[in-house]
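The structure appears right after this line, and notes come after that.
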Amino acid sequence: MARTAPKVDRLADEGEAMTDALATVLSVAEEKGTVTWSDVSDDLTSGEWGRLIESGLLIDADGEGFVVDDPEGVREALEESDPEPAEDDEDGGWSTWDKLAGLATLGLFAGYSLTSVRDAIGGVIDIALGPLAEILPFYVVILVLAVFTGTTSSILQDQLMDMEGMQDSQEQIKDIQNRLEDAKERGDDEAVERIEQEQMEAMTEQMGSMFAMFRPMVWIMLINIPVFLWIYWMVFGTGMSVEAPVMTFPILGEVASWQEGVAGPMQAWIVWYFLCSISFTQIIRKALNVETSPTAS
Numbered sequence: 001m002a003r004t005a006p007k008v009d010r011l012a013d014e015g016e017a018m019t020d021a022l023a024t025v026l027s028v029a030e031e032k033g034t035v036t037w038s039d040v041s042d043d044l045t046s047g048e049w050g051r052l053i054e055s056g057l058l059i060d061a062d063g064e065g066f067v068v069d070d071p072e073g074v075r076e077a078l079e080e081s082d083p084e085p086a087e088d089d090e091d092g093g094w095s096t097w098d099k100l101a102g103l104a105t106l107g108l109f110a111g112y113s114l115t116s117v118r119d120a121i122g123g124v125i126d127i128a129l130g131p132l133a134e135i136l137p138f139y140v141v142i143l144v145l146a147v148f149t150g151t152t153s154s155i156l157q158d159q160l161m162d163m164e165g166m167q168d169s170q171e172q173i174k175d176i177q178n179r180l181e182d183a184k185e186r187g188d189d190e191a192v193e194r195i196e197q198e199q200m201e202a203m204t205e206q207m208g209s210m211f212a213m214f215r216p217m218v219w220i221m222l223i224n225i226p227v228f229l230w231i232y233w234m235v236f237g238t239g240m241s242v243e244a245p246v247m248t249f250p251i252l253g254e255v256a257s258w259q260e261g262v263a264g265p266m267q268a269w270i271v272w273y274f275l276c277s278i279s280f281t282q283i284i285r286k287a288l289n290v291e292t293s294p295t296a297s
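Residue numbers are given in UniProt numbering: position 113 of the sequence shown equals residue 113, and the series is strictly consecutive.
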């Protein structure tokens, strides 16, 4: 089962005792076919036994005991699991390279307010993009760059966002809420207390998943900001004067200058860039089957 490994990983995050308990239950279940509390009561606490049932890894066998759901998947996950949390996991999945990219992105933001930084970035990027601007109309250059940034953004989101993990987290929260309601209806105060504790841990884990969602954004901005600053530098900077031919925007009509305001304070160049970027990004994501939000179950 595809969702067995995340369940085992969540147990591993709770400590080595839980993975040991799971390994014990798996061993007994494989030996006897089923496992009951009396079979493992000498090796497990009642809390660990209950947690295995709540995790969905231990399921009822029609009143004849319990069986391990997907034993092969559990065995493989136990072999791969590390009881010590990895350094990246403690930071929401951010590696050292992600953090360095974040720092670089913060530095690039200075280009929006400091002319010297913007001119420096524009001059460097112009080495690569300047020849393109010499052979193509500037509106085509912006379109090409919008396609480029849309493609890279889609690929980075697809590769760096753990959609399955976020979906698992949402399903876990929903499952906990359902079990909590059932426990309250039964008046089982002990189960309510245990499930509420599990709910707090799951919500903390979900916050970590939300933090991890910003990971691809760092890399996306690291690529997009220099491109955006180069366009700004071309339109307003000292590197090159860009004159726009007469263009006709949908609804907005003719535009004779890239600096002309066409949508309130928004000027023609930025409106054209966003129109191209939004349109082509949707096409690219559809073509590459990129998901940017968890799929509803």
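All C-beta atoms, glycine included, are put in the ideal place defined by N, C-alpha and C. As the structure is a computational prediction, the values presented were derived from the model and not from experiment.
Cα-Cα separation between residue i and residue j, rounded to whole angstroms
i	j	result
Gln177	Asp168	14 Å
Val192	Ala183	6 Å
Ala287	Gly150	12 Å
Ala12	Val117	47 Å
Ile155	Trp219	11 Å
Thr115	Gln282	33 Å
Gln170	Trp94	21 Å
Ala77	Leu143	46 Å
Gln206	Ser153	24 Å
Glu80	Met266	53 Å
Ala86	Gly56	Per-residue confidence for Ala86 stands at a pLDDT of 43, beneath the threshold of 50, marking its modelled position as unreliable; the derived number appears in the next sentence. If you take the alpha carbons of Ala86 and Gly56, they lie about 25 Å apart.
Thr96	Gly102	10 Å
Ile59	Asp70	10 Å
Phe138	Gly261	17 Å
Cys276	Thr4	42 Å
Asp98	Ala104	10 Å
Gly50	Glu291	35 Å
Gly239	Ala120	Its pLDDT being 46, under 50, Gly239 is placed unreliably by the model, and nothing is read from it.
Glu84	Leu136	Note that Glu84 has pLDDT 47, beneath the 50 cutoff, so the model's placement of it is unreliable and no number is given.
Ala202	Gly264	45 Å
Asp88	Leu100	With a pLDDT of 44 at Asp88, under the threshold of 50, the modelled position of that residue is not reliable, and the figure given next carries that caveat. For Asp88 and Leu100, the distance between alpha carbons rounds to 13 Å.
Glu90	Gln199	Residue confidence for Glu90 is low, a pLDDT of 44 falling below 50, so the modelled location carries little weight and cannot support an answer.
Asp9	Ala17	13 Å
Arg285	Ile278	11 Å
Gly187	Arg194	13 Å
Phe280	Asp175	38 Å
Reference residue i; option with closest CA among the options
i	options	result
Gly47	Glu14, Ala29 and Asp60	Glu14
Val140	Trp269, Asp189 and Lys7	Trp269
Glu196	Met207, Glu181, Arg186 and Gln206	Glu181
Val147	Asp98, Ala110 and Trp272	Trp272
Arg179	Met166, Leu100, Ser113 and Glu54	Glu54
Thr19	Ala29, Lys7 and Lys32	Lys7
Gly130	Ile231, Phe280 and Asn289	Ile231
Leu160	Glu31, Phe214 and Glu190	Phe214
Thr45	Gly63, Gly33, Ala61 and Leu22	Leu22
Asp62	Glu201, Leu106 and Gly33	Gly33
Trp258	Gly264, Val290 and Phe236	Phe236
Leu145	Tyr112, Thr204 and Asn224	Asn224
Thr204	Ile173, Leu100 and Glu72	Ile173
Contact under 7 Å by Cβ, residue i with residue j
i	j	result
Leu26	Val74	yes
Gln157	Pro226	no
Val35	Gly65	yes
Leu222	Gly122	no
Thr24	Asp42	no
Nearest-angstrom beta carbon gap, residue j and residue i [assumed within contact, 8 Å]
i	j	result
Ala128	Met234	Actually they are not in contact, since the Cβ atoms of Ala128 and Met234 sit about 13 Å apart, beyond 8 Å.
Contained alpha helix (DSSP H) runs [length at least 4] in the stretch 171 to 243, N- to C-terminal order: 189 to 212 and 214 to 236
Beta strand (DSSP E) runs contained entirely in the stretch 45 to 133, provided each spans 3 or more residues: 58 to 60 and 66 to 68
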